[in-house]
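Last residue of the sequence shown: 141 (UniProt numbering), numbering continuous. Just so you know, even glycine gets a beta-carbon here, dropped at the ideal spot from N, CA and C. Everything below concerns the one structure shown next.
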Amino acid sequence: MLLTEHDIYLFREGTHGRAYEKLGAHILPAEGARPAGTHFAVWAPNAASVAVIGDFNGWNPQAHRLTPRDDSSGIWEGFIADIARGTLYKYHIISRHAGYTVAKSDPFAFRCETPPQTASVVWDLAYEWGDARWLANRAQT
1 MLLTEHDIYL FREGTHGRAY EKLGAHILPA EGARPAGTHF AVWAPNAASV AVIGDFNGWN
61 PQAHRLTPRD DSSGIWEGFI ADIARGTLYK YHIISRHAGY TVAKSDPFAF RCETPPQTAS
121 VVWDLAYEWG DARWLANRAQ T
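Structure below.
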């Protein structure tokens with residue numbers, strides 16, 4: 001699980017300096033019986049329901065519902081198998097107040113579509129540097 005009790009404590013206190021590592025979409029490799037996929041987490045304290053919609057499920061809000069954490073943090077989370085880098089998604093949120101419904105981009109997304117489109121894109125922060133040869137030459141001079 002990406003979110004620990006300590007993370008929730010810091011989040012509630014407003015001092016979590018690395019919330020981007022915990023909230024949003026995070027690609028996870030296969031581990032044990034769990035297949036590869038993406039873990040989603042979003043803070044929606046006034047939501048009655050939160051789902052992940054995207055190009056992978058025909059933007060269907062019934063297909064992949066998130067679960068509210070049982071710690072009253074207002075964070076909803078879930079894992080969806082086979083969701084990989086480049087997948088388009090949004091959060092489909094139904095409010096507890098009069099059932100207001102909205103499809104929202106992920107405020108913690110690492111990448112998003114080019115306007116006027118507004119979907120978030122599953123991505124990661126991995127970057128493969130290409131300067132190894134230059135660094136080796138620099139060390140010799």
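Contact check, residue i vs residue j, beta carbons under 8 Å
i, j, result
"A48", "I8", "no"
"T38", "I80", "yes"
"L28", "W43", "no"
"G78", "F108", "no"
For residue i, the first and last residue of its enclosing alpha helix (DSSP H)
i, result
"Y9", "5-13"
"L66", "No alpha helix (DSSP H) contains L66, which DSSP labels as neither H nor E."
Enclosing beta strand (DSSP E) for residue i [first to last residue]
i, result
"W76", "75-81"
"W43", "37-43"
"L135", "Element bounds for L135: not the beta strand (DSSP E) but the alpha helix (DSSP H), 132-140."
"A25", "24-28"
Supposed contact pair residue j and residue i - C-beta distance, whole angstroms, cut 8 Å
i, j, result
"W76", "L88", "Going by Cβ atoms, the distance from W76 to L88 rounds to 19 Å, so no, they are not a contact pair."
"R85", "D131", "Rounded, the Cβ-Cβ distance is 23 Å, inconsistent with contact."
"residue 146", "P35", "A query on residue 146 cannot be resolved here, the shown segment of the chain reaching from 1 to 141 and no further."
"H26", "L10", "Not quite, the Cβ-Cβ distance comes to about 17 Å (not below 8 Å), so this is no contact."
Given residue i as reference, the closest of the options once Cα atoms are compared
i, options, result
"F110", "T101, V122, G99, V102", "V122"
"V50", "Y100, A126, Y91", "Y91"
"D70", "N137, Q140, T4, Q117", "T4"
"G74", "H6, L2, N137, R12", "R12"
"G17", "A25, H26, H6", "H6"
The ligand GDP heavy atom lying under 7 Å from the CB of residue i
i, result
"V42", "No copy of the ligand GDP appears in this structure; indeed no ligand is present at all."
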